[in-house]
Amino acid sequence: MKGLYLPNTIRKKEEDAMSFKIPLPDTQISFYQRLDKLKKTTLQEALYKTVEKVDIGKLDKELRKYVKNSDLQLLARYGIRGEVMFVVPYLLRTNPQLIGYYRLLLGFPQKSFYTGNRGLGFGIFKSMESKGIITKAQEPLIEDLVKVLNKSSSLLLNSIEKSSISASLIRDLTLLTLGPQLRGGRNNDLGIAATKMVFEIIRQIVSPAIKESTNTKIVLSNAAGRETFIEFASDPDIIIREKLKSGKFKNWIAIEIKGGTDLSNAHNRLGEAEKSHQKARLAHYTECWTLIGFNIDLELASKESPTTDRFYHISHLADINNAEYEDFKESIIAIAGISD
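Right, dumping it as structure tokens:
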């Protein structure tokens, strides 16, 4: 994951081991991932990048046309350019996704802005944010869109205490709107983050035997002199298999990772794992493991996914002092056929 520093999750044993359970920062990891992407499309960073590429003279001309002079002067008093608060057709035509920036600034979630029952009528513009394009149907409406959004921006600007006006405050307002949107896609991102975390845990366990290593694949040299592959896969999430002399593969472990921490969704998540493991059995995987981010009685979990051979809590695998980590480590080493 570009730009993200993943700390060493395998903690060294200490004389005074803590009795507290290590909290898994999965929510913040997933939020970081999505924020990093949105900086390129709909946050202030995207706006600034776009402004760097445009004709400033043309931009200023449109700002004077579509924004009240008193509003521009108020922003200028605090060293803020007009486009940070107000939209113009020139910017939207240069980067249609910036409609998302102004939507967030004005406090509208995607649902209410594009598909809600509030009578806003902006559904026709949804593809500008999602696809970065302006269609023939949208083009004649851009000017009207700009006018109504700027009336809303003017109301917002003049409702803020003057001494509080700053570019950072404007950014904070967009992030406040973004919060629910980030949580909406949290489970998917938690799964991605948890899979990457588990992959790094496995990498450290097998590190003495690593022959080749990338962000998505680890190749080991096992005790028999053959290669064992540990790889990301879509379904299941991680697979461990051994390359035989014939060139064929012996499928050892299929690992399903359910990183979400919401217990109320556990039934559905375990059902998804069961379907994946049933496919893995058909592909002749010897073992099927399910790693979970939520706390659930493992006997109950085994009823939801009877094909699962072993269950592990992801948070327990992050602690070298935990019994689940020890079992996970020993099992990986044994099945991969490498020395401890």
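Residue 974 is where the sequence shown starts when you use the working numbering, and the numbers rise one by one after that.
Glycine residues also receive a C-beta, built at the ideal position from the N, C-alpha and C atoms.
Of L1236, A1227, G1232, A1239, the smallest CA-CA separation from R1254 is found for A1227. The beta-bridge partner set that DSSP reports for Y1285 consists of L1264. Shortest Cα-Cα distance from K1221 to any of V1171, R1199, K1013 involves R1199.
The Cβ atoms of E1272 and E1247 lie no closer than 8 Å to each other.
Counting only runs of 4+ residues, the alpha helix (DSSP H) found wholly inside the stretch 1181–1266 occupies 1239–1255, in chain order. Check the Cα spacing between D1210 and each of D1033, M1170, V1024, A1196: the tightest is with M1170. As the crow flies, the alpha-carbon of F1098 is around 8 Å from that of Y1087.
In this structure the stretch 1065–1074 lies against the stretch 999–1017, because at least three pairs of beta carbons, one per stretch, are closer than 8 Å. Within the same chain, and ignoring the five residues on either side of L1036 in sequence, the residues whose Cβ sits closer than 7 Å to its Cβ are L1045, G1055, E1056, F1059, V1061. In the three-state scheme derived from DSSP, where H, G and I count as helix and E and B as strand, I1293 is classed as coil.
Secondary structure of E1134 (DSSP, three-state): coil. In this structure K1302 is buried. Its beta-carbon is surrounded by 16 or more other beta-carbon atoms within 10 angstroms. Burial is judged here by how many other beta carbons sit within 10 angstroms of a residue's own beta carbon; F993 has fewer than 16 and is exposed. The beta carbons of I1308 and I1213 sit closer together than 8 Å. Contact between W1262 and D1292 does not hold, since the beta-carbon distance rounds to 18 Å and is not under 8 Å. Taking a C-beta distance under 8 Å as the contact criterion, Y1039 and V1121 do not qualify as a contact pair.
The residues T1067, in chain order, have a CB closer than 6 Å to that of V1027 in the same chain once the five nearest residues on each side in sequence are set aside.
In the displayed model, F1086 falls within a helix according to three-state DSSP. Residue environment analysis places Y1258 among the buried positions, since at least 16 neighbouring C-beta atoms fall within 10 angstroms of its C-beta.
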